[in-house]
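Student: The structure is given below, and queries will be raised subsequently.
Protein chains: 2
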Amino acid sequence: MSGEFRQIAWIRGQTPADPRVPIGPGDDAALVELQSRGLLATVDMLLEGVHFSFDEATPVDVGRKAMNVNLSDIAAMAGTPLFALLAVGLPPGSPTSVPEGLFEGLKEAADRFNVAIIGGDTNSSRSGVVVSVTVLGEPHPKGVVKRSGAKVGDALMVTGKLGYSRLGKHLSFTPRIAEARRLHECCRLTAMMDLSDGLGGDVFHLTGESGVGAVIHADAIPIADGPHDDRSPLQHALSDGEDFELLFATPPEDAERLLIDQPLADIGVSLSRIGAVTRELGVRLRHGDAETPLEPSGFVHHW
Amino acid sequence: MSGEFRQIAWIRGQTPADPRVPIGPGDDAALVELQSRGLLATVDMLLEGVHFSFDEATPVDVGRKAMNVNLSDIAAMAGTPLFALLAVGLPPGSPTSVPEGLFEGLKEAADRFNVAIIGGDTNSSRSGVVVSVTVLGEPHPKGVVKRSGAKVGDALMVTGKLGYSRLGKHLSFTPRIAEARRLHECCRLTAMMDLSDGLGGDVFHLTGESGVGAVIHADAIPIADGPHDDRSPLQHALSDGEDFELLFATPPEDAERLLIDQPLADIGVSLSRIGAVTRELGVRLRHGDAETPLEPSGFVHHW
Numbered sequence: 001m002s003g004e005f006r007q008i009a010w011i012r013g014q015t016p017a018d019p020r021v022p023i024g025p026g027d028d029a030a031l032v033e034l035q036s037r038g039l040l041a042t043v044d045m046l047l048e049g050v051h052f053s054f055d056e057a058t059p060v061d062v063g064r065k066a067m068n069v070n071l072s073d074i075a076a077m078a079g080t081p082l083f084a085l086l087a088v089g090l091p092p093g094s095p096t097s098v099p100e101g102l103f104e105g106l107k108e109a110a111d112r113f114n115v116a117i118i119g120g121d122t123n124s125s126r127s128g129v130v131v132s133v134t135v136l137g138e139p140h141p142k143g144v145v146k147r148s149g150a151k152v153g154d155a156l157m158v159t160g161k162l163g164y165s166r167l168g169k170h171l172s173f174t175p176r177i178a179e180a181r182r183l184h185e186c187c188r189l190t191a192m193m194d195l196s197d198g199l200g201g202d203v204f205h206l207t208g209e210s211g212v213g214a215v216i217h218a219d220a221i222p223i224a225d226g227p228h229d230d231r232s233p234l235q236h237a238l239s240d241g242e243d244f245e246l247l248f249a250t251p252p253e254d255a256e257r258l259l260i261d262q263p264l265a266d267i268g269v270s271l272s273r274i275g276a277v278t279r280e281l282g283v284r285l286r287h288g289d290a291e292t293p294l295e296p297s298g299f300v301h302h303w
Numbered sequence: 001m002s003g004e005f006r007q008i009a010w011i012r013g014q015t016p017a018d019p020r021v022p023i024g025p026g027d028d029a030a031l032v033e034l035q036s037r038g039l040l041a042t043v044d045m046l047l048e049g050v051h052f053s054f055d056e057a058t059p060v061d062v063g064r065k066a067m068n069v070n071l072s073d074i075a076a077m078a079g080t081p082l083f084a085l086l087a088v089g090l091p092p093g094s095p096t097s098v099p100e101g102l103f104e105g106l107k108e109a110a111d112r113f114n115v116a117i118i119g120g121d122t123n124s125s126r127s128g129v130v131v132s133v134t135v136l137g138e139p140h141p142k143g144v145v146k147r148s149g150a151k152v153g154d155a156l157m158v159t160g161k162l163g164y165s166r167l168g169k170h171l172s173f174t175p176r177i178a179e180a181r182r183l184h185e186c187c188r189l190t191a192m193m194d195l196s197d198g199l200g201g202d203v204f205h206l207t208g209e210s211g212v213g214a215v216i217h218a219d220a221i222p223i224a225d226g227p228h229d230d231r232s233p234l235q236h237a238l239s240d241g242e243d244f245e246l247l248f249a250t251p252p253e254d255a256e257r258l259l260i261d262q263p264l265a266d267i268g269v270s271l272s273r274i275g276a277v278t279r280e281l282g283v284r285l286r287h288g289d290a291e292t293p294l295e296p297s298g299f300v301h302h303w
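Chains as they are written, first to last, in the working numbering: chain A, 1 to 303; chain B, 1 to 303.
See the structure below:
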């Protein structure tokens, strides 16, 4: 029995029988049973030396994050994640603690949202660990929330606080799955996305897809606490990225209600109105009475 | 507009509207519509320097193969592939011809089987190209064919010829999707898998999952043509791997009929009976009247 055979046996032991998964790890493909005709699907790949370093993150951290970034994408559509597939590249000679830690983190995040790991592929990697996760989910019965539906006059809102994610949140964030569903059920979400590249970049994606512009009120952006450095807190909030909070558009009367009701307060998540959707294209940043055009920042890779 | 924005626009231009895909590339997740409650899912990752080298394969070759290895996994379940998600890592400074060639190969293989590319993720890679493909498919109305159903007395059969794949077939093989479906419709397939690691390794997976053993008739193995070297043609057939043919078990009377009818002859694919399923565990290789135990060969990574 080779090391790989043992690895398969180990992974099978970690993925217990699930009535939703008639065929799990071990065959050429997995077979799952769906309750919905609609299926959400997303993929994200994390690479060592680009997205993470084992100087700063443990294998468990990396595994958890690799799962959570995908769960965040399903949240951004107001969907429910169901299944995950893993593809992992490992440098030859990696200690067993690396794949086991990765899997522990992947499974911890999956279990938290009742996501079944249904299959995977492990490979040698010439240099560095690579983790690619695909998550499948079902849309909300009310339908999905796209990036492209924001209407002129809508309020722009965010969950939580932005900026300084690299201090630790980027490894330990909570995908806003429950939050997105609750918002979708209580009000009219015209457009939504998760903030992965930073508000200063992502707001261009939501408005660009919607064919509208936006004005952002700098003073209204909820900013996380962080140490003083050569960049302002506002710059951190706009361009650090990896907040994994929700950015959404909703009619102003729904926004008013959300600000008063704060329906996510019981799970410790604030809601802030940071601006409004405009007919004029582009994004402007308002400081008091002054407006300056915002230049897109952050990086874009997901398509 | 950054390079990444242009890349997304380019990819969108390559993935035309498809009625099965209400939301394709460009949102946080894709949304697809399914006709079946059952869903097949598989993932495979190819890494430069491990699975391929650009000295031997073009970006188009690599893209085609990355898609086809996954299509072959869906074929192995007798399913029909429908959708694909891509995750790609590219070294900074890669010429545009690399991602464009990869995508051309991925799309060529997908289009051939009417598979829609519904989303993806492109990243920097610290060193070397990484391509991970997830394929989703639907099971045959008759059900799926697993690795685990082979019965004592069944014949073991293969499509096509084995060995010497590295001479070129490993980059240009045809996933046996149509072949698997046709076999599933015309006879009782008790177990099936695709040959990726080589018959000498893969036969242990099929028999192991089925809780049976096998005897393989060395003289009955259909071997591809190849040059003389220090290994026998039989060794090539058993352990080269990457044949991407089907190995299946079927009752002896169905095997007889398949050998006479050769129902895949019109698409140029032969069917050969290479042995039989035995109660005795393990795999024995028969040369004339002599039997020797076969030791597992090849490598195993898919789970």
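Each residue gets a CB set at the ideal place from its N, CA and C atoms; glycine is no exception.
Report the neighbours of ARG147/B on chain A: residues whose CB is nearer than 9 angstroms to its CB, in chain order.
Tutor: The answer, in chain order, is GLY26, ASP27 and ASP28.
Student: Any idea which residues DSSP pairs HIS287/A with across the strands?
Tutor: Partner(s): ALA290/A.
Student: Within a Cβ cutoff of 7 angstroms, which residues of the same chain sit near ALA255/B, ignoring the five residues on either side of it in sequence?
Tutor: ALA155, MET157 and ARG273, listed in sequence order.
Student: For GLU184/A versus ALA78/A, is the C-beta spacing smaller than 8 angstroms?
Tutor: It should be pointed out that residue 184/A corresponds to His in this sequence rather than to Glu. Yes, the pair counts as a contact, with Cβ atoms nearer than the cut-off.
Student: Given a threshold of 16 other Cβ atoms within 10 Å of its Cβ, counted over all protein chains shown, does LYS107/B qualify as buried or as exposed?
Tutor: The residue is buried, with at least 16 neighbouring Cβ atoms inside 10 Å.
Student: Name the two residues that bound the continuous alpha helix (DSSP H) containing VAL60/A.
Tutor: Looking at the DSSP string, the run of the alpha helix (DSSP H) that includes VAL60/A is 59-76.
Student: For THR292/A, count the other beta carbons within 10 Å of its own beta carbon; 16 or more makes it buried, fewer makes it exposed. Which is it?
Tutor: Flag for THR292/A reads exposed.
Student: Roughly how many whole angstroms lie between the Cα atoms of HIS376/B and VAL283/B?
Tutor: Any answer about residue 376/B is impossible in this case: the structure gives chain B only from 1 up to 303.
Student: Specify the secondary structure class of GLY26/B as computed by DSSP and reduced to three states.
Tutor: If DSSP states are grouped into helix, strand and coil, GLY26/B belongs with coil.
Student: Cα separation between SER2/A and ALA265/A?
Tutor: Unreliable placement is indicated for SER2/A, whose pLDDT of 38 sits below 50; no coordinate value is reported for it.
Student: Helix, strand or coil for THR207/A per DSSP?
Tutor: THR207/A: helix per DSSP, three-state reduction.
Student: Alpha carbon to alpha carbon, what distance is there between VAL21/B and VAL32/B?
Tutor: Whole-angstrom Cα-Cα distance: 4 angstroms.
Student: Spell out the partners DSSP gives ALA155/A in its beta bridges.
Tutor: Bridge partners of ALA155/A: THR250/A and ALA276/A.
Student: Of all the options ASP219/B, ALA237/B, VAL98/B and ILE221/B, which has the alpha carbon lying nearest to the alpha carbon of PRO227/B?
Tutor: It is ALA237/B whose Cα lies nearest to the Cα of PRO227/B.
Student: In chain order, what residues of the same chain have a beta carbon less than 8 angstroms from the beta carbon of GLY63/A, not counting five sequence neighbours either side?
Tutor: Once the five neighbours on either side are set aside, the close Cβ partners of GLY63/A are GLY101, LEU102, PHE103, GLU104, GLY105, LEU106, LYS107, GLU108, ALA109 and VAL131.
Student: Compute the beta-carbon to beta-carbon distance between ALA191/B and SER210/B, rounded to the nearest angstrom, for a pair I have assumed lies under 8 angstroms.
Tutor: About 5 angstroms; that satisfies the 8 angstroms criterion.
Student: Spell out whether any CB of chain A is found under 8 angstroms from the CB atom of ALA76/B.
Tutor: Interface residue, yes.
Student: What is the residue span of the beta strand (DSSP E) that PRO222/B lies within?
Tutor: Note, PRO222/B: premise wrong, no beta strand (DSSP E); not H, not E.
Student: Identify the residues that DSSP records as bridge partners of LEU195/B: which are they?
Tutor: The partner list for LEU195/B (beta bridge, DSSP) is empty, contrary to what the question assumes.
Student: Do we get a CB-CB distance below 8 angstroms when we pair PRO139/B with the residues of chain A?
Tutor: Chain A contact via Cβ: present.
Student: Against chain A, does GLY282/B count as a neighbour if the rule is that its beta carbon must be under 8 angstroms from one of theirs?
Tutor: With 8 angstroms as the cut-off, GLY282/B does not count as an interface residue toward chain A.
Student: Where do the N-terminal and C-terminal ends of the beta strand (DSSP E) with ALA150/B fall, by residue?
Tutor: No beta strand (DSSP E) contains ALA150/B, which DSSP labels as neither H nor E.
Student: Within 10 Å of its beta-carbon, does LEU40/B have 16 or more other beta-carbons around it, so buried, or fewer, so exposed?
Tutor: Buried is the call here.
Student: I think GLY153/B touches PRO252/B, with their Cβ atoms under 8 angstroms apart; what is that distance to the nearest whole Å?
Tutor: About 6 angstroms; that satisfies the 8 angstroms criterion.
Student: Is MET157/B close to chain D, meaning its C-beta is less than 8 angstroms from at least one C-beta of that chain?
Tutor: Of the protein chains in this structure, namely A and B, none is chain D.
Student: Please list, in chain order, the chain A residues whose beta carbon lies closer than 7 angstroms to that of ARG37/B.
Tutor: Near ARG37/B (Cβ distances below 7 angstroms), the residues of chain A are GLU33 and LEU34.
Student: Under a Cβ-count criterion, where at least 16 other Cβ atoms within 10 Å of its own Cβ denotes burial, should ASP194/B be classed as buried or exposed?
Tutor: When all chains shown are included, ASP194/B counts as buried.
Student: Using 8 angstroms as the Cβ pair cut-off and three pairs as the minimum, do the segment 163-178 of chain B and the segment 71-88 of chain B touch?
Tutor: Flag = yes, the segment 163-178 of chain B and the segment 71-88 of chain B touch.
Student: Can you tell which of SER239/B, PRO263/B, ARG182/B and GLU138/B has its C-alpha closest to the C-alpha of GLY201/B?
Tutor: Closest option to GLY201/B, Cα to Cα, is SER239/B.
Student: Using a threshold of 8 angstroms, state whether the C-beta atoms of ARG279/B and GLY213/B are closer than that.
Tutor: Contact flag set, yes.
Student: Counting C-beta neighbours from all protein chains within 10 Å, is the total for SER196/B 16 or more, i.e. buried, or is it exposed?
Tutor: The residue is buried, with at least 16 neighbouring Cβ atoms inside 10 Å.
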